[in-house]
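Asker: Before I ask anything, let me first share the structure, which is written out below as structure tokens.
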Amino acid sequence: MVARREFISAMVASAVSATALPSFAASDTDKVSFPKNANAQAPFTPPYGLALGGVPLASGFKITPLEDGIDAVRTAWQQGIRYFDTSPWYGQGRSERRMGAFLAEQNRDEFFLSTKIGRLLKPGNPPQSKVWPKPAPFHREYDFSAAGVRRSIEDSMQRLGVDRIDFVFIHDLSPDNGDMGSDWLEYFKQAQHGAMPELIRMREEDIIKGWGLGVNTLAPILKTLEVSDADLFLSATQYTLIRHQDSLAQLHPALRKHGKKMVVGSPLNCGFLSGAERLDYGGTITPELRTKRQQLQAIAQHYGTDLRTVALQFAGAPDVVTSVIVGARNGQQIAEDIASMQQQLPAELWQELKSTGLIAAEAPVPIIS
Ligand SMILES: NC(=O)c1ccc[n+]([C@@H]2O[C@H](COP(=O)([O-])OP(=O)(O)OC[C@H]3O[C@@H](n4cnc5c(N)ncnc54)[C@H](OP(=O)(O)O)[C@@H]3O)[C@@H](O)[C@H]2O)c1
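All letters in the sequence shown, in the order written, are residues -25 to -1, 1 to 344 by mature numbering (1 follows the signal peptide of the UniProt record, and there is no 0).
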């Protein structure tokens, strides 16, 4: 078996040879010297079960007032959350700025922070989209090169007001990204020879604790497991009460085989499982899904709880999942989500969800102590 360090050296060597490709490699002058993370381990996983995600607090899907957004971060902190996930793309910088407004004032050693790379923000002409109804005045330029990684991380540090990012996910490098579609494999090639080896270097230099992909489909994660040496994956919308069969059949065994873990994003399918008229980042709520939600809700109520609580606990149950990242629009939502994770749900509830076929028989469920 190839030792991790040997594998990384091989990766870096192959990346260097592959990157006679000029735009993928960082020249020495491109390299920014960042402060380092102490005590980096490999592969590193966040030691927190619940994290606050940065989409809704940055006006994802509908406008979130500044005070509400910052209140989500403050309340999360006050109630013990120490893992925060954001991205340059969330609100075109707004999420990092709002998270940073609070987090930059805290002791940096006390919290864990992940952000993303892949889109550099440039002033002017934000794209119109339903996900970002009031975009900040920046558009995006995709850049999966080595130099782009360093530039993106430095930009994020400045927006956040911190001198370190713990974890970096390559963002939306995926066939469901409308800007890419079937071209995603071309972007993937750029990342494979540019961003991925550079992130490995940054991990070796102890600048970051680790890296992975943050995507809403399984294929890019499965591919990365085969071609590179990531630490942790953010799989969003794919491991939830209403959609988990493919992850159970394909993703979880692949992660186990490679000794890697994942964090779950969009555990509520962007609010569908907390009652919103919304499914994921552009999904259609079919009559069948609506019926399924009602059935799930009825069983949750029968056992004295609510659907959001069942959904959050379900997402965190598999052995390969280290953290559930939930998005909240204000302090009240995240406080309720924290309370959801603290509830003890009866084993009978999970048995009934399985016996009615609402969740897969083989799906892991929380262990009742
Ligand atoms: N590709 C990627 O890397 C990727 C993709 C997706 C997500 N993520 C990460 O994962 C995080 C979580 O996913 P998400 O924000 O997409 O969706 P989510 O966590 O599934 O759902 C968030 C929505 O659920 C509702 N909600 C949450 N707590 C609630 C409460 N206590 N009561 C009522 N409603 C509540 C809110 O809906 P309302 O809008 O109705 O208030 C909120 O906007 C993201 O914020 C992001 O950090 C990453």
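Each residue gets a CB set at the ideal place from its N, CA and C atoms; glycine is no exception.
My output table needs one value for His227: the three-state DSSP class, helix, strand or coil.
Answerer: The answer is helix: DSSP assigns His227 an H, G or I state.
Asker: Closer than 6 Å by C-beta to Arg72: which residues in its own chain qualify, once you throw out the five before and the five after it? Chain order, please.
Answerer: Closer than 6 Å at Cβ, skipping near neighbours: Arg134.
Asker: So what's Phe247 in DSSP terms, helix, strand or just coil?
Answerer: Phe247: helix per DSSP, three-state reduction.
Asker: Going by other Cβ atoms of all chains shown within 10 Å of its Cβ, with 16 needed for buried, is Gly234 buried or exposed?
Answerer: Classification for Gly234: exposed.
Asker: My assumption, with CB atoms under 8 Å, is that Asp118 sits in contact with Leu96. Please give the rounded CB distance.
Answerer: Actually they are not in contact, since the Cβ atoms of Asp118 and Leu96 sit about 11 Å apart, beyond 8 Å.
Asker: Thinking C-alpha only, which one of Pro262, Pro110, Ser34, Leu287 is nearest Pro242?
Answerer: When only C-alpha atoms are compared, the closest one is Leu287.
Asker: At 4 residues or longer, and completely inside the region 29 to 84: list those alpha helix (DSSP H) runs for me, N to C.
Answerer: Entirely contained in the region 29 to 84, the alpha helix (DSSP H) runs reaching 4 residues are, in chain order, 41 to 53, 69 to 78.
Asker: Alpha carbon to alpha carbon, how far is Asp281 from Arg125?
Answerer: Straight-line Cα distance between these residues: approximately 43 Å.
Asker: Please look up how many angstroms separate the CB atoms of Leu207 and Tyr278, rounded, as I've assumed it's under 8 Å.
Answerer: Actually they do not touch by this definition, with Cβ atoms about 33 Å apart.
Asker: Skipping 5 residues on each side, what residues in its chain have a beta carbon closer than 7 Å to that of Ser(-3)?
Answerer: Unreliable positioning characterises Ser(-3) in this predicted model, as indicated by a pLDDT of 30, which lies under 50. A coordinate reading is not provided.
Asker: Whole angstroms is fine: what's the gap from Gly250's alpha carbon to Lys267's?
Answerer: If I take the Cα positions, the gap works out to 12 Å.
Asker: Output the residue ranges of the beta strand (DSSP E) runs that lie fully inside the region 100 to 180 and measure 3 residues or longer, sorted by chain position.
Answerer: Runs found: 113 to 117, 142 to 146.
Asker: Do you know how far the Cα of Gly246 is from the Cα of Glu179?
Answerer: So the two alpha carbons sit approximately 38 Å from each other.
Asker: Do you know how far the Cα of Glu311 is from the Cα of Arg304?
Answerer: Cα to Cα, Arg304 sits roughly 12 Å from Glu311.
Asker: By how many angstroms is the C-alpha of Pro321 removed from the C-alpha of Gln308?
Answerer: So the alpha carbons of these two residues sit roughly 23 Å apart.
Asker: Please report the straight-line C-alpha distance between Phe19 and Ser62, rounded to a whole angstrom.
Answerer: In a straight line, the C-alpha of Phe19 is about 20 Å away from that of Ser62.
Asker: Taking only heavy atoms of ligand 1 into account, decide whether any of them is closer than 7 Å to the Cβ of Pro21.
Answerer: Flag unset: Cβ of Pro21 not near ligand 1.
Asker: Which two residues bound the contiguous beta strand (DSSP E) that contains Ser203?
Answerer: Where Ser203 is concerned, there is no enclosing beta strand (DSSP E), given that its DSSP letter is neither H nor E.
Asker: Just to confirm before moving on: does the CB-CB distance between Gly187 and Leu223 stay below 8 Å?
Answerer: No. Outside cutoff.
Asker: Any heavy atom of ligand 3 closer than 7 Å to the CB of Val190?
Answerer: Ligands present in the displayed structure are limited to ligand 1, and ligand 3 is not among them.
Asker: Closest by CA to Val202, which one among Pro22, Arg176, Pro172, Thr212?
Answerer: The residue with the shortest Cα to Cα distance from Val202 is Pro172.
Asker: So does Asp147 have its beta carbon nearer than 7 Å to some heavy atom of ligand 1?
Answerer: Correct: Asp147 has its Cβ closer than 7 Å to ligand 1.
Asker: Name the DSSP beta bridge partners of Met237, please?
Answerer: According to DSSP, Met237 bridges with Phe208, Val296.
Asker: Can you grab the Cα-Cα spacing for the pair Gln103 / Ile300, in whole Å?
Answerer: Taking the straight line from one Cα to the other gives about 26 Å.
Asker: Is the beta carbon of Glu85 less than 8 Å from the beta carbon of Arg49?
Answerer: Taking 8 Å as the Cβ cut-off, Glu85 and Arg49 do not qualify as a contacting pair.
Asker: With DSSP collapsed to three states, give me the class of Ala336.
Answerer: DSSP places Ala336 in coil when its eight states are reduced to three.
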